[in-house]
Amino acid sequence: MEPELFKGAVLLCPALQFDGHMILQYLSWVISSLFPRLGVPSVGEDDVGSRNLFIAETIVNDKTKSNTAIPALTGYSLLQHFKFCQANMHRMKVPFLTLHGKKDMIIKPSCSEELLQKAEVEDKQGKWYEEAWHDLLFEPEHEQVMEDIAKWIDDHA
């Protein structure tokens, strides 16, 4: 992020890395090149990301959401996003706050930890919520999450 465009960023459970084997990355390129619309299993497809039962039921029963697969080209594009993020974390130049649930099963908390380690900007902060899952704004801790975000924005406005 460039300071000329943004004055700061608040990141909720940022998706910045892929933990799969290198062979999966290579195969994703081959499959997406040959069969871009072929359905491939998505990472974390069974995870709803929230302890909030209403949200979990809504996600499970959402008729517009595929519970089976994503197009191969979409999966490959996501892998390219992760590679780009890994290679460019050090280029983060704006103040930021990253927030993450320690029990997030969709995006590992190590993404936020790694960003804090690699980003070269001085003004960076991380907040973790011990029992929270992925969907921080709908978790039982959502009020604390919103307070932390509001405080950070107030401090940086």
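Position 122, counted from 1, in the sequence shown is what full-length UniProt numbering calls 122; the numbers after and before it change by one each time, with no gaps.
C-beta atoms are modelled at their ideal positions from N, C-alpha and C, and glycine is treated no differently.
- Remark: three or more beta-carbon pairs, one from each stretch, lie closer than 8 Å, so the segment 122 to 137 and the segment 97 to 109 are flagged as touching.
- With contacts defined by Cβ atoms closer than 8 Å, D154 and S50 do not form a contacting pair.
- Here L79 has F18, Q25, S28 as same chain residues with Cβ atoms under 7 Å from its own Cβ, once five neighbours each way along the sequence are excluded.
- Secondary structure remark: continuous beta strand (DSSP E) runs of at least 3 residues inside the segment 23 to 110, in chain order: 96 to 101.
- Contact fails between the segment 141 to 153 and the segment 107 to 117, because fewer than three Cβ pairs, one in each stretch, are under 8 Å apart.
- Spatial neighbours of K102 in its own chain (CB-CB distance under 8 Å, excluding positions within 5 residues in sequence) are listed in chain order as P109, W128, Y129, E130, E131, A132.
- Burial state of G20 is exposed, judged by a 10 Å Cβ sphere holding fewer than 16 other Cβ atoms.
- The Cβ neighbour count for V30, taken over all protein chains shown within 10 Å, is under 16; the residue is labelled exposed.
- The straight-line gap separating the alpha-carbon atoms of M92 and C85 is approximately 10 Å.
- At a cut-off of 3 residues, the continuous stretches assigned as beta strand (DSSP E) that sit fully inside the segment 107 to 157 are 124 to 129.
- Taken through DSSP and simplified to helix, strand or coil, L5 comes out as coil.
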